[in-house]
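Remember, the numbering used here sits 2 above the position in the sequence shown when you count from 1.
Even glycine gets a Cβ: it sits at the ideal position worked out from N, Cα and C.
Being a predicted model, the structure only gives us computed values, none of them experimental.
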Amino acid sequence: LPTFTDSIKPSAPGNYRILKNEAGAAAVPGLDPGQYLVDGSGKVVYKVEENFPATLKVDPAQTGPPERLKGPQANSDTGSYRPWHKTDTAGGPAGRYLVNDQGAPVYLADPGINGIHKTRPDGSAVTKYDAPKATLMSYIIKGILNRQLPWGLVLLGVMIAIVLEMAGIPSLAFAVGVYLPLSSSSPIFIGGMIRWLVDKYLRKKLMHKNLSEDQLVAETDKSPGVLMASGYIAGGALAAIVIAILQGVPKQGLANFNKAIEDWSTTHNPLFGAANGDLLSMIPFLVLMLLLYLVGREAILRTRAGKSG
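Shown next, in the form of structure tokens:
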């Protein structure tokens with residue numbers, strides 16, 4: 003096997019050789035076609051994946067002004083490169099590249115939001131963040147601009163929406179439920195069930211007032227539970243912002259704090275890190291559900307208007 007001599011080395015030091023596993027009689031059973039790195043004992047250690055082919059070139063006149071790398075990779079590479087925005091998939095994936103003076107791409111600048119590469123060439127991990135709504139809108143916009151929108155799926159969705167409306171089911175709510183993942187739609191469903199129970203209680207409570215349907219809806223919309231649910235939404239958004247800020251703090255600044263929390267949880271919490279450890283998060287969730295239901299029924303935290311009535 004030929005020796006691996008690429009300038010970008012794997013995270014584990016060592017001498018590697020290149021194994022080209024091609025489809026055919028000489029293919030290694032159980033190993034997908036591709037290039038692999040084999041160590042001295044003959045064990046397959048890494049699979050070589052290229053972000054772009056070595057033959058990809060660009061006219062230097064199409065690139066931007068020189069810039070240097072940022073982040074941890076700048077410590078080992080102090081060279082300057084020119085940015086190039088590739089808008090098509092011919093010869094390689096579309097994206098932002100950093101090319102040298104000869105027009106050869108050296109780096110693919112994978113974004114931190116909606117990025118697909120979660121490891122650097124040296125094997126270190128990179129945190130990526132997802133933006134599903136932005137991704138969905140980008141698919142629609144790109145499809146319209148490129149005239150490659152899957153109109154078959156669009157028309158199928160239109161027909162499903164028409165059938166739902168004819169059946170008396172809100173098509174928008176149905177579409178949102180299909181679009182959102184189960185982790186996001188489940189709390190919405192549970193919140194809707196709590197709202198249904200509270201509305202059922204309030205309708206029975208206000209039955210003697212002979213209110214119209216619009217008046218009953220207005221009264222249920224004034225429930226303290228609606229205000230608390232709005233607070234849940236705002237609190238969740240603020241908590242996500244705080245978590246994102248802490249993610250950006252240098253790890254050394256929070257290393258001792260995180261280690262203390264982890265050590266305490268490992269010692270005192272039997273569910274921490276266990277197979278059923280996620281069940282622990284159900285405890286505060288159940289508490290929030292019960293609190294929202296009791297506030298909606300004005301059993302606790304009753305407003306002054308509720309007390310006087």
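As assigned by DSSP and simplified to three states, the class of residue i
i, result
"Q217", "helix"
"E264", "helix"
"N17", "coil"
"P62", "helix"
"V156", "helix"
"N116", "coil"
"P226", "helix"
"P107", "strand"
"G311", "Annotation note: pLDDT 45 at G311 (below 50); position unreliable, no value reported."
"L166", "helix"
"L281", "helix"
"L240", "helix"
"T269", "helix"
"A92", "coil"
"N258", "helix"
Residue i - containing alpha helix (DSSP H), residue span
i, result
"L203", "Position check: residue 203 holds Tyr in this sequence, whereas Leu was assumed. First-last of the alpha helix (DSSP H) with Y203: 184-207."
"P134", "134-148"
"S173", "173-181"
"Y295", "284-298"
Span of the beta strand (DSSP E) around residue i
i, result
"Y38", "36-40"
"V47", "46-50"
"R84", "82-88"
"Y2", "This structure does not reach residue 2, given that the chain is present from 3 up to 311, and the question cannot be answered."
Option nearest residue i by Cα separation, candidates the options
i, options, result
"V101", "S225, T91, A92, G81", "G81"
"S185", "A96, P4, M284, Q104", "M284"
"L33", "G42, V46, D41", "V46"
"S225", "T129, Q150, R304", "R304"
"L290", "I235, A92, S140, L21", "I235"
"A136", "N116, N148, K130", "N116"
"D61", "P107, A246, A96", "P107"
"R197", "E221, V180, M209, Y181", "E221"
"G42", "T5, L248, F191", "T5"
"T65", "G16, Y99, Q217", "Y99"
"N23", "L58, Y48, L288, V160", "Y48"
"Y18", "L240, V30, V50, I164", "V50"
Handout entry: At least 3 beta-carbon pairs within less than 8 Å: the region 279-297 vs the region 225-245
Key = yes
Handout entry: the region 66-83 contacting the region 44-54, beta-carbon criterion three pairs below 8 Å
Key = no
Problem - the region 114-133 / the region 84-92 touching (three or more Cβ pairs under 8 Å) - result: no
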